[in-house]
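Participant:
Residue numbers (my numbering), protein chains in the order written: chain B, 1 to 168; chain X, 169 to 336.
Below, the structure written as structure tokens:
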């Protein structure tokens with residue numbers, strides 16, 4: 001396959017060729033999306049392996065994690081917080097419901113909508129996997145003091161506002 | 169499916185129940201892995217859609233991006249820098265080679281190994297997609313000054329050292 005649209009449609013991009021630095025000028029080790037993707041690839045992969053040994057997938061863990069702090073969410077918002085496609089999230093909720101770790105309940109304000117709640121059993125399971133997650137988190141921040149962590153977190157919150165599609 | 173190993177094997181985790189804060193105490197909006205996964209989910213998803221319109225997938229784009237700044241890599245290191253499974257990366261290299269955008273060449277120091285090089289045509293294609301990537305990058309950092317960006321990048325470099333499996 002060739003890319004005639006890339007090879008010939010130069011108008012689109014030539015106009016901003018000179019607007020900023022090249023990737024070579026920034027350098028891979030200073031290019032934030034590279035650093036963030038590589039960090040989260042390593043973190044998520046390592047945690048996925050640890051969770052598999054505990055019998056949980058990443059979408060199921062994230063569903064329990066989110067509901068443990070903000071319960072009774074609609075599926076759409078739960079998928080955003082769990083950073084999962086809605087279809088993936090629905091399958092995770094199905095599986096967790098079958099195991100008695102979450103339950104669906106009609107939304108009292110909207111008869112067509114359902115909300116998802118964590119059960120006591122679900123809280124117990126999450127409490128037992130949380131130390132594994134916290135260890136991965138603390139390994140990530142080893143040697144970084146509270147002030148640097150706070151400044152870093154504040155910048156992340158700004159980046160999220162810049163890139164997210166949702167208003168939450 | 170139930171999780172007897174979670175429900176019964178409490179010894180593993182009870183010992184460090186009290187070692188640190190709970191997720192509820194940290195708060196989802198201050199939990200760095202949540203913030204970073206959500207930021208990169210939005211960034212990667214938006215860029216993936218933009219690249220699809222230019223006829224490129226994320227692994228192919230990342231392969232060209234990496235080789236444009238550090239050419240002649242072995243597949244294994246290229247996969248790490250492109251943050252892709254080696255099988256995914258190999259398919260991307262196959263496709264790019266078929267399009268004349270990269271070429272494989274035997275490693276002069278190791279007859280069983282090959283290295284991957286970007287071609288002139290590959291550089292031309294990457295130069296044309298780079299403004300799209302740079303726009304996504306600049307959107308991410310809108311309103312964040314150079315000092316904050318530099319401090320943030322320095323912290324990211326430390327986090328990468330903390331979580332990566334490789335020594336590069």
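Yeah, the Cβ is synthetic: ideal placement off N, Cα and C, and Gly gets one too. Computed from a predicted model, the values in this text were never measured in an experiment.
Give me the residue from B:150, B:155, B:149 with the minimum Cα distance to residue 312 (chain X).
Facilitator: Along the second chain, one-based indexing puts residue 312 (chain X) at 144. The residue with the shortest Cα to Cα distance from residue 312 (chain X) is B:155.
Participant: What does DSSP give as the partner residue(s) for residue 272 (chain X) in the beta ladder?
Facilitator: Sequence index remark: in the second chain, residue 272 (chain X) carries index 104 (1-based). X:284.
Participant: Please go through the same chain and pick out, in chain order, the residues whose beta-carbon is closer than 7 Å to the beta-carbon of residue 168 (chain B), but skip the five residues on each side of it.
Facilitator: Within the first chain, numbered from 1, the residue matching residue 168 (chain B) stands at position 168. Within the same chain, residue 168 (chain B) has no close Cβ partners at all.
Participant: Under DSSP, the alpha helix (DSSP H) around residue 84 (chain B) begins and ends at which residues?
Facilitator: Position 84 of the first chain, counting from 1, holds the residue named residue 84 (chain B). That residue, residue 84 (chain B), is in no alpha helix (DSSP H); it is neither H nor E in DSSP.
Participant: With 9 Å as the C-beta to C-beta threshold (strictly closer), list the residues of the segment 54 to 69 of chain B near chain X in chain order.
Facilitator: Residues 54, 55, 56, 62, 65, 66, 68, 69.
Participant: How many Å lie between residue 110 (chain B) and residue 226 (chain X) at the Cα?
Facilitator: As a working note, residue 110 (chain B) is residue 110 in the first chain. As a working note, residue 226 (chain X) is residue 58 in the second chain. About 39 Å.
Participant: Does DSSP put residue 142 (chain B) in a helix, in a strand, or in coil?
Facilitator: Residue 142 (chain B) sits at position 142 when you count from the first residue of the first chain. Coil.
Participant: For chain B, check one thing: does any of its Cβ atoms lie closer than 8 Å to the Cβ of residue 203 (chain X)?
Facilitator: Numbered from 1 along the second chain, position 35 holds the residue referred to as residue 203 (chain X). Closer than 8 Å to some Cβ of chain B, the Cβ of residue 203 (chain X) qualifies, so yes.
Participant: Would you kindly work out how many angstroms separate the C-alpha atoms of residue 332 (chain X) and residue 93 (chain B), rounded to a whole number?
Facilitator: The residue given as residue 332 (chain X) occupies position 164 in the second chain. The residue given as residue 93 (chain B) occupies position 93 in the first chain. Distance between the alpha carbons of residue 332 (chain X) and residue 93 (chain B) is about 31 Å.
Participant: Quick one: which chain X residues come within Cβ less than 7 Å of residue 144 (chain B)?
Facilitator: In the first chain, the residue the question calls residue 144 (chain B) occupies position 144. Chain X residues near residue 144 (chain B): 323, 326.
Participant: Where do the ends of the alpha helix (DSSP H) carrying residue 187 (chain X) lie?
Facilitator: One-based indexing of the second chain puts residue 187 (chain X) at position 19. Note, residue 187 (chain X): premise wrong, no alpha helix (DSSP H); not H, not E.
Participant: Round the Cβ separation of residue 20 (chain B) and residue 302 (chain X) to the nearest angstrom and send it over; I've been treating them as touching at under 8 Å.
Facilitator: Mapped onto the first chain, residue 20 (chain B) falls at position 20. Mapped onto the second chain, residue 302 (chain X) falls at position 134. About 5 Å separates the two Cβ atoms, so the contact holds.
Participant: Count the other C-beta atoms from every protein chain shown that fall within 10 angstroms of the C-beta of residue 60 (chain B), then say buried if there are 16 or more, exposed otherwise.
Facilitator: In the first chain, counting from the first residue as 1, residue 60 (chain B) sits at position 60. Buried is the call here.
Participant: Could you check if residue 241 (chain X) belongs to the surroundings of the ligand FMN, using beta carbon to heavy atom distance under 7 Å?
Facilitator: Ligands in the displayed structure: none, and consequently the ligand FMN is not present.
Participant: If you run the structure through DSSP and keep just helix, strand and coil, what is residue 71 (chain B)?
Facilitator: Sequence index remark: in the first chain, residue 71 (chain B) carries index 71 (1-based). Correct three-state label for residue 71 (chain B): coil.
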